[in-house]
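**Q**
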Amino acid sequence: MKLLVAGLVCLLLAACGRPVPVAQEAFVFGTRVEVQVAGVSEAAGHAALGEVLREFDRLHRSYHAWQPSELTALNEALAGGKSHSVSDELAGFIRTAQDLSQRSENLFDPALGKLVALWGFHTDDFKPVLPDAEALKSLIAVKPSSADLVIAGNTVSSKNSAVALDFGGYLKGVALDRAAALLKARGIRNALINIGGNVLAMGSKDGNKGEIPWRVGIRHPRIELAGEGVLATLELRDGEAIGTSGDYQRYFELDGRRYSHLIDPRSGEPAQGTQALTVLIPPGPDAGMRSDVLTKPLFIASDRWRELARRLEVTQVLRVDVQGRIYVTAAMQGRLHFEQDGLNVKLVQ
């Protein structure tokens, strides 16, 4: 059975006579979520999955960018030039985001919430309309940045009232790591967590046997050109996470041009040089978060993606540029099985 979800396609290859993982689905973070656990009883599996999905819902509600939440309360205060007290969790998120923004040459910056909203992506039903030119020019001129945020204990303030946080490119990865921690606390060692194409693997699909790895597929960014829509597949090892950013996830088209939700902070406009970019992150306590965050600056960097990947210490990358050309790092090449013949894949050192 093949399940197509956002940037990745989880290939659920259940063999006859083998135990089938316990799975639950939900719609959270504006996308489809599926969590599977293996090697446990159905009752234990559903209990664990229920806890994970409740945590996803809590994160989604607490840090929603445009529905009332702790995050919108902070953004309202910042817009009014006021300081605001936040939870320990949110303060930690902001500190981590500031560090990642600085390391990524500010191409990942969750402080661009007002730009995202101006382009019409603070809704689940966006329309093919360009933002008001003067409003866009004014917002770009004041250069909102997470570097403008000052955190003193749990009190957050900003010298720039145009700053508005949007964790849409960060929170799904945090949720992957949170899910893995919750499952491990229950003694579960085999699971596949898929949040809209950001995927983290634990153990194997057949539980403690360890004979059947979790297998996922990377979606072709132009699915109409790719038969069943899968560009490549690979087997995920224990603790690895994989994430994709693509211009096909949240976008509109106008006058033959595609505008996606991936905003370039330098121009204030949707990035144009890349169709999709996938990273594979080795095991670690923040592998999920890194798989979500690090695709964004590499996507936006366009032709400079390799230089930035080295700086961010990301070695396993697959990129499809705006012309549909495919680039793969040497470390990633050996992990991939391309599903189509005749693809022009360029190896990048």
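At position 97 of the sequence shown (counting the first as 1) the number is 79 in the numbering used here, and the numbers step up by one without a gap.
The beta-carbon is built from N, C-alpha and C at its ideal position, and this holds for glycine as well.
Only a predicted model underlies this, so the values are computations on that prediction, with no experimental measurement involved.
Which residues does DSSP pair with residue 240 in a beta bridge?
**A** For this step, residue 240 is matched to residue 258 along the sequence shown. 235, per the DSSP bridge assignment.
**Q** Taking the continuous alpha helix (DSSP H) assigned at residue 303, which residues delimit it?
**A** Stepping through the sequence shown from its first residue, residue 303 is reached at position 321. Here residue 303 belongs to no alpha helix (DSSP H); instead the beta strand (DSSP E) covers 299 to 303.
**Q** Of the residues 142, 22, 225, 321, which one's Cα is nearest the Cα of residue 211?
**A** Against the sequence shown, residue 211 aligns to sequence position 229. Of the candidates 142, 22, 225, 321, the one whose C-alpha sits nearest the C-alpha of residue 211 is 321.
**Q** Does the segment 237 to 248 come close enough to the segment 189 to 197 to have 3 or more Cβ pairs within less than 8 Å?
**A** No, the segment 237 to 248 is not in contact with the segment 189 to 197.
**Q** Looking only at its chain, what residues have a beta carbon closer than 7 Å to the beta carbon of residue 255, apart from the 5 residues adjacent to it on each side?
**A** Here the question's residue 255 lines up with position 273 in the sequence shown. Cβ within range, chain order: 284, 285, 303, 304.
**Q** Whether or not the segment 165 to 179 and the segment 15 to 35 are in contact is what I'm after, with contact meaning three or more pairs of Cβ atoms, one per stretch, closer than 8 Å; do they touch?
**A** With a cut-off of 8 Å, the segment 165 to 179 and the segment 15 to 35 count as touching, because enough Cβ pairs lie within range.
**Q** Using the rule of at least 16 other Cβ atoms within 10 Å of the residue's Cβ for burial, across every protein chain shown, is residue 86 buried or exposed?
**A** For the purposes of this step, residue 86 is identified with residue 104 of the sequence shown, where counting begins at 1. Its Cβ being crowded by 16 or more others within 10 Å, residue 86 is buried.
**Q** Could you compute how far the alpha carbon of residue 53 sits from the alpha carbon of residue 289?
**A** Here residue 53 refers to the residue found at position 71 when the sequence shown is read from its first residue. Here residue 289 refers to the residue found at position 307 when the sequence shown is read from its first residue. Roughly 33 Å between the two C-alpha positions.
**Q** Starting from residue 281, trace the alpha helix (DSSP H) in both directions and tell me its first and last residue.
**A** Here the question's residue 281 lines up with position 299 in the sequence shown. Per DSSP, residue 281 belongs to the alpha helix (DSSP H) from 277 to 283.
**Q** Once the 5 residues before and after residue 76 are set aside, which same chain residues still bring their CB inside 8 Å of it?
**A** Taking the sequence shown and counting its residues from 1, the one referred to as residue 76 is at position 94. Within the same chain, residue 76 has close Cβ partners 68, 128, 131, 133, 138, 147.
**Q** Touching or not, the segment 41 to 53 and the segment 249 to 268, by the rule of three or more beta carbon pairs under 8 Å?
**A** Result no; under three Cβ-Cβ pairs closer than 8 Å.
**Q** Quick one: give me the first and last residue of the beta strand (DSSP E) that residue 228 is part of.
**A** Within the sequence shown, numbered from 1, the residue matching residue 228 stands at position 246. Element bounds for residue 228: 223 to 228.
**Q** Pairing CB atoms from the segment 110 to 121 with CB atoms from the segment 179 to 189, are three or more of them under 8 Å?
**A** Contact between the segment 110 to 121 and the segment 179 to 189 is absent, because fewer than three Cβ pairs lie under 8 Å.
**Q** Which runs of the alpha helix (DSSP H) spanning at least 4 residues fall entirely within the segment 20 to 84, listed in chain order?
**A** 24 to 44, 52 to 61, all fully within the segment 20 to 84.
**Q** Just grab the DSSP bridge partners of residue 152 for me.
**A** The residue labelled residue 152 in the question sits at position 170 within the sequence shown. Its beta-bridge partners do not exist; DSSP assigns none.
**Q** Use the C-beta contact count for residue 267: other C-beta atoms within 10 angstroms, 16 or more gives buried, fewer gives exposed.
**A** What you label residue 267 is simply residue 285 of the sequence shown in a count that begins at 1. Per the 10 Å Cβ criterion, exposed.
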